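Read the structure below first, then the notes.
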Amino acid sequence: MANRYSLWSLLKNGLKHNESWQPAWRSPQAKPRYDVIIVGGGGHGLATAYYLAKNHGVKNVAVLEKGYLGGGNTARNTTIVRSNYLWDEAAQLYEHAMKLWEGLSLDLNFNVMFSQRGVMNLGHTLQDMRDIERRVNANNLNGIDGVVLSPKEIQDIVPLMDISAKTRYPVMGASYQPRGGVARHDAVAWGFARGASELGVDIIEQCEVIDMIIEDGRIKGVKTTKGDIFADRVGCVAAGNSTPLAKMAGVRLPLESHPLQAFVSESMKPCLDTVVMSNAVHGYVSQSDKGELVIGAGIDSYLGYGQRGSPHVIEHTAAAIIELFPSFSRVRMNRQWGGIVDVAPDACPIISKTKVKGLYFNCGWGTGGFKATPGSGYVFAHTIANDEAHPLNKAFALDRFNTGHLIDEHGAAGVAH
Amino acid sequence: MSAYRVHRSSQRINEKAPLTFRFDGKKYQAFAGDTLASALIANGVKLIGRSFKYGRPRGIVGHGAEEPNALIQLETGAHTVPDLKATQVEMYEGLSATTTTGFPSLNFDLKGLAGQFSRFMPPGFYYKTFMGPAKAWPFYEEIIRKAAGYGRAPVDPDPEFYDHLHHHVDVLVVGGGACGLWAATLAGRAGLKTLLVDEQSEAGGWMLSDARAVIDGKPAMKWVSERLAELKSLSNVTVLTRTTAFAHHEQNLVQAVELVQDHLPIAQRVATLPRQRLHKIRAHHVVLATGAIERPLVYGNNDRPGVLTAAAGQTYLNRYGVAVGRKVLLLTHNDASYDTALDLAEAGSRVTLIDTRQRGAAAWRLDAAKKAGVELLLGYGIAEVQGGKAASGAKLVKLDPHCLTVTGKGPTLSADAILSSGGLTSTVHLFCHNNGRPYWNEERLSFVTPDEGRQGISVAGAITGRWGLGEALAQTHASVSAMLIGFGRTSSSTCPVSEDKDIQPTRRVFRVPDGKPEGHGAKALVDFQNDVAAADIHLAVRENYRSIEHVKRYTALGFGTDQGKLSNVNGFAIAAEALGMPISQVGTTTYRPAYTPVTFGALAGSHVGDTFDPRRYTAMQSSHVARGALFETVGQWMRPWYFPKGNETMHQAVDRECLATRNSVGVMDASTLGKIDIKGPDAREFLNRIYSNAWTKLDPGKCRYGLMLDENGMVMDDGVTACIADDHFYMTTTTGGAARVLNWLERWHQTEWPELKVRFTSVTDHWSTTAVVGPKSRAVLQKLSSDIDLSADTFKFMDWREGTVAGVPARVCRISFSGELAYEINVDACYGHYIWEQVMEAGKEFGITPYGTETMHVLRAEKGFIIVGQDTDGSMSPIDLNMAWAVGMKKPFSFLGKRSLSRSDTSRSDRKQLVGLYTEDPKVVLAEGAQILSSRNTQAPADMQGHVTSSYHSAFLGRSIAMAVLKGGLKREGDTVYVWAHGKMHPAKVVSSVFVDQEGVRQHA
Amino acid sequence: MFQIHCPHCGATREEEEFSYAGEAYIPRPANPEEATEAEWGDYLFMRKNTRGWFWEQWQHTAGCRKVFAVKRNTVSYEIAGTWTLAAGKELYLKESEA
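Protein chains in written order, with the UniProt record's numbering: chain A, 1 to 417; chain B, 1 to 1005; chain C, 1 to 98.
Structure below.
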């Protein structure tokens, strides 16, 4: 890598007043034709381009992004990474992503600050605990780490949590995945962008796809705000905006795009070392390296592309956090925001070919997309390069909505995020 | 008192009310009306904190919400609050605050040492290192974590409370400065229901700081107090101070937080009043009179303690009677700062005014300054502030007329305070929270709102870029008058007059040149809180982080608890320069709530503790408590879990309860089941469509179990429905599913089959249900009812009868969730407790035993009855559950979910299906949630065939039983499977899921 | 948080009184048994998920329990109006034709 990052490069450039740093990625003019176009320059799209180039030798690739790189859900999530999913198909896909996360900073030569500080999913009812037992056992048999914690063990890890019986929904236990954690969301997009660019991928920002060019049921390219760009294979990775894109190609998707909100507190000294999630009282929280509590709210019920939701959802989430951590009542919210999550009926992604030859969709990640970023790109690159699903994403094809072969993480997992 | 305290006629502090406070343990004096910041400055305390990344010494910069540096920890123990801005903390007697940064101490900070090497820690340096070896990152990260962060999270539960208050008003005015007050006055005089909120302890806005302002020929503060008096006299107007509107949402919903008691000593706070109150204001119209905030200029070491904004210097002086310095340098590019210089000179400070403009301000101002003894240096800038933990002076440079380059050296001046003014930044946040966009006004050098506002929002005053008081009031008058016309009102009021004297244009300067390439000279800070220097923004752009959002995210510009109120515009401007683009094209980052930070407690309001979510209890609650029940949470309900006697464990209690019920009689509270009254000539047809089984032939007096599928063919609820009359049914649902089912019925009826004449009423709370269960249940009931014929031949299994029980009108259903002879007595909930006690009394001779959900689960599992949500998970069809008998495939109408059952995957015969399991060792009770393997091979990924859904010790059978779902299980009876949980493996045999009384003799007895 | 006008109650109330009930006017196949798997799958799961003006259903769960039609912009969140299902359908069909 021409512009390799290291302690040495920091020293060298520091001595030169940091004036010799090179662009992290190139911003070339779009060529008229590519082998593959990736629509969507978020984490998943950039990862797809990176793995196309790295694993499949497909380097004549363009990533088209209508705004700035990583400006969608990559920039708006609560950065939780875990792989403790219930169903085999989902668990294996997310575990593959987890393994990639574990080597990602070195692979990309970009520190994505993947921090395996553990993820805890709390149980508050007997049924929660049954679901937790079921999931942890299934995880272990799928080779995924996980244990069931007692309230006492929870308290040892999270001293500020109220595990007393007097709460409205007392904490009865938790599943705990020590390898889970958080990562620096922006860095993931930038790291993949830099890696892909280095391998020859063209990253075109401020370039919105406005139509698809299709002939005889085969994709030929896309019309964009920067002109027509041709390619025989087009992969769409546009999260909340997937349906409007699919519509251009006459493809129907089983998605609904909802606002999902989150907020951060002011920055404080370390007080929470692990990620805590609770489905029953509906909130999840971790503390960033900068010291802010990063808190995810519930999903807004209505369709919304506005990247904002309703304030009562935030209010309920604040109440949930106080239910778990009564002392956080006096902590202050600094900033709130919203993203657009594309939710599939079974809360599982769609990584699939479509009825249009050469057109692929990777969407439906709902609230769970960030954690899958490298794995999603890895299998989607495979799917595009080979015009055939990778074994890990075979089950995530569109036809499951016709056959009924849903992978219902919704009802089963007891955790939605 | 220190040399910094001066007396000003404009001051708002009360010199007759001295207070004492502590900062970092040291005792100081202040006055009522001070903020913590003004008191600290008055006491000569300059070093307040250390910066986030480089540990640079920091002091107070601003005077309000914009403060980036002075983040303090207020109080200790349960009342502690982290990260408050000293500029916003009102002084009270006994206040105690500590600094939040500095390790091992504020004076000697290790980070400060590391900061000497800051050139090796440019923005994003952590992305570029600490990568390997992989195991090393957690080590580095812990150091980074410990070094970051300001205050400490409270540890104890909050001793104070919060609440919410809703308002519906015609007009909400945000901001109580001159323009906001005038807007509220006009709206109030027009008779509109008006609410004005202002974040400070008293209204007045900038008028509190500007001692020279005149409105209608009188001192502005006199005009302000007249306005306040008038507003107070109007019954249709409310003024809330200490109330910050922090978010604007859809349809003019504004959230504002009022600090009700934070300004009082803790001991004086009223226990019955909230600490803070969240106001949720729906306004037909919002007037934003949010003003503007002065930003500093960007120059070398502009972050040293003792370097403030000019507006802060003016505010501390005129409002609090505190001179920020005795020898002051004031760097500016505009006329307004001359007032600050005059005021300081008037108060006895030696002031040098450094104007980047060659010709300085308007002539009359130059004259006034000279007359007041202000030293003027025109065409100069500051290259570098001198001093470490406190500014001691500055090195000046001579600038070209455009302020783009350095043309020569300037003098080096000593000072104990340095002020700068980089112009005003309109406070457009609320305008932008909900999709509004500001535009760049090149003349006023600010992002401002369009004069016309937006639908439902008017803008007034400095938010539009009108810095002159006169022009701001005129614009406010015009804007609010137009609003009144929208309300069908007129105004005869005349616009207040304030003369805007002539000024020289402001010179466009953001970064003051120091004659060196960017990054070579002293660090010129843009974002103080995040240690973002001008050079860092150039570096971000150099590295292709060209979108302003990328610049923000890469450098952390504007990410702090001040949300860039001082830094953003300077940052955008410097980015624009680096990008070679106009600022208008660079744009802004997104404005998001909260305008200033809001306590979680205020957001949650009263939805905490016991009122976090309601607890629902049945009418029999006191009976259960009296009998020592422990409770289980089911949905919102609290249900008796089991009734331990003495030192019984749960298992002992449940064994006893089970045996008593199977051998004699038990009693259970079934009141929490959802109950829906369904009426209408098409009620029966509706049930046929909504349930998978058939309802055509159910006569009045009969009950039937019903299975409800979603349209995807999966079981979503179940329950028994009684036919009351041909057009009247009484449906029960699962406890947790009651609300969902009612909505489900309503939605299908209204959207798909509105032609069906049927109505639904939730009657869950109207009926109490006592289930009397066991071979002696008939005998118990016979003692209580004389008008119901309970004989086995006439009152059969799945019949129901109307009559009286213990003199109370009742519906008695002979249904069973245990496989025993059983009756459910439904009475008006008012009699629930009475009936329960009557049953207990009548059952005494049979040793009647109350039981809870745990025993209920064992009894139903022994009989193979499912619990929706435990034995199903949204992926089980009735066929999977071996309940084909409850699917009326021949019904004429294609009931909900039917078509889905025949899809290629749903009709597979090897789906997971419900089975029973017997462990080889009858003593072993399998774990619920254990996974089932077909061999002993646990090599990951193991071949998981299903899992255990329900598992118990059956005292009645003297062994363990389990229900499970297993791939192709219905054809695997007799197979041995291996059940695995947490590393332990137990072989088990697949058996029927009905363990007790497969023929149904007991329930038909 | 929206304020929504319930056409049945005739009252404008806060969003918290209502439940979202998804895309409006999805016709259930008249003869489900005759629908192909693809047709049935389309009805069950495929959604317009419109970016822009969208016809949706809300239910006044904490009020009259009626389901009604709302035309709302999913980007600006502006609400054009609310109608009873029957009245809304006429308008909806007219718009679909146009």
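Positions of the beta carbon are idealized from the N, C-alpha and C atoms, including for glycine. This one's a predicted model, so the numbers in the text were calculated from it and none came from an experiment.
| Asked | Found |
| --- | --- |
| What residue ranges within the stretch 68 to 95 of chain B form continuous beta strand (DSSP E) runs of no fewer than 3 residues, ordered along the chain? | 71 to 74, 81 to 85 |
| Go to Gln585(B), then tell me how far its alpha helix (DSSP H) extends in each direction, as first and last residue. | 583 to 586 |
| Looking at the strands, I want to know which residues DSSP matches up with Gly181(A). | Val81(A) |
| Give the secondary structure of Asp343(B) by DSSP, where H, G and I count as helix, E and B as strand, and everything else as coil. | helix |
| With a threshold of 7 Å between beta-carbons, can Thr761(B) be considered close to chain C, or not? | no |
| Does Ala416(A) have its Cβ less than 7 Å from a Cβ in chain C? | Residue confidence is low: Ala416(A) scores 33 on pLDDT, short of 50, so the model does not pin down where it sits. No coordinate-derived value is stated. |
| Counting only C-beta atoms, is Leu149(A) closer than 7 Å to chain B at any point? | no |
| Quick one, which residues of the stretch 747 to 759 of chain B are near chain C if we go by CB-CB under 8 Å, in chain order? | Arg747, Gln750, Thr751, Glu752, Pro754 |
| Listed from N- to C-terminal order along the chain, which residues in the stretch 144 to 167 of chain B have their beta-carbon within a distance smaller than 7 Å of any beta-carbon of chain A? | Ile144, Arg145, Lys146, Ala148, Gly149, Tyr150, Gly151, Arg152, Ala153, Pro154, Val155, Asp156, Pro157, Asp158 |
| What is the DSSP secondary structure of Cys432(B), counted as helix, strand or coil? | helix |
| Mind reading off the beta-carbon distance from Arg135(A) to Thr599(B)? Whole number of angstroms is fine, and I expect it under 8 Å. | Contact flag wrong, Cβ pair sits at about 35 Å. |
| Please identify the residue among Trp885(B), Ala213(B), Leu790(B) whose C-alpha is closest to the C-alpha of Leu469(B). | Ala213(B) |
| Please classify Ala412(A): is it buried, with 16 or more other beta-carbons within 10 angstroms of its beta-carbon, or exposed? | Interpretation of Ala412(A) is limited by its pLDDT of 43, a score under 50 that renders its predicted location unreliable; the figure taken from the coordinates is listed afterwards. Its Cβ being crowded by 16 or more others within 10 Å, Ala412(A) is buried. |
| Taking only beta-carbon positions, decide if Phe401(A) is within less than 7 Å of chain C. | yes |
| Rounded to whole angstroms, what's the CA-CA distance from Glu53(B) to Glu292(A)? Just pull it up for me. | Per the sequence shown, the amino acid found at residue 53(B) is Lys instead of Glu. When rounded, the distance between both Cα atoms is 15 Å. |
| In chain order, what residues of the same chain lie with their CB nearer than 6 Å to the CB of Ser51(B), ignoring the 5 residues before and after it? | Arg58, Asp531 |
| Please specify which runs of the beta strand (DSSP E), each continuous and at least 3 residues long, are wholly inside the stretch 177 to 206 of chain B, giving them in chain order. | 194 to 197 |
| Assuming Cys348(A) contacts Leu253(A) under a Cβ cut-off of 8 Å, what Cβ separation, rounded to an integer in Å, is found between them? | That belief does not hold up - the Cβ atoms of Cys348(A) and Leu253(A) are roughly 13 Å apart, past 8 Å. |
| Distance check for Gly81(C) and Glu75(B), CA to CA, integer angstroms please. | 51 Å |
| What does Gly283(A) pair with, by DSSP beta-bridge criteria? | Ser278(A) |
| Would Val324(B) pass as a contact of Cys403(B) if the rule is Cβ separation under 7 Å? | no |
| Helix, strand or coil for Thr732(B), going by three-state DSSP, please let me know. | strand |
| Does any C-beta atom of chain B lie closer than 7 Å to the C-beta of Arg4(A)? | no |
| Would Ile485(B) be called buried (16 or more neighbouring beta carbons within 10 Å of its own) or exposed? | exposed |
| Helix, strand or coil: how does DSSP classify Ser762(B) here? | strand |
| Taking 7 Å as the threshold (beta carbon to beta carbon), is Val75(C) in contact with chain A? | yes |
| Near Val415(A), what residues of its chain come up, given a Cβ to Cβ distance below 7 Å and the 5 sequence neighbours on each side ignored? | Bear in mind that a pLDDT of 34 at Val415(A), under 50, signals an unreliable position, so the model cannot answer this. |
| Determine the closest residue to Tyr823(B) out of Cys813(B), Pro104(B), Asp921(B), Val977(B), with distance taken between C-alpha atoms. | Cys813(B) |
| Say whether chain B places a C-beta atom closer than 7 Å to the C-beta of Lys99(A). | no |
| Give the range of the alpha helix (DSSP H) segment to which Thr751(B) is assigned. | 738 to 751 |
| Tyr691(B) by DSSP, collapsed to three states: which one? | strand |
| For the stretch 334 to 403 of chain B, list the beta strand (DSSP E) runs that are entirely contained and at least 3 residues long, ordered along the chain. | 350 to 355, 375 to 378, 380 to 386, 393 to 399 |
| Report the three-state DSSP secondary structure of Tyr50(A) (helix, strand or coil). | helix |
| List the whole-angstrom C-beta distance separating Pro640(B) from Gly852(B), where the pair is believed to meet the contact cut-off of C-beta under 8 Å. | 4 Å |
| Name the residue from His550(B), Asn544(B), Asn570(B), Lys501(B) whose alpha carbon lies nearest to the alpha carbon of Ala533(B). | Asn570(B) |
| Which value, in whole angstroms, describes the spacing of the CA atoms of Asp24(B) and Leu47(B)? | 11 Å |
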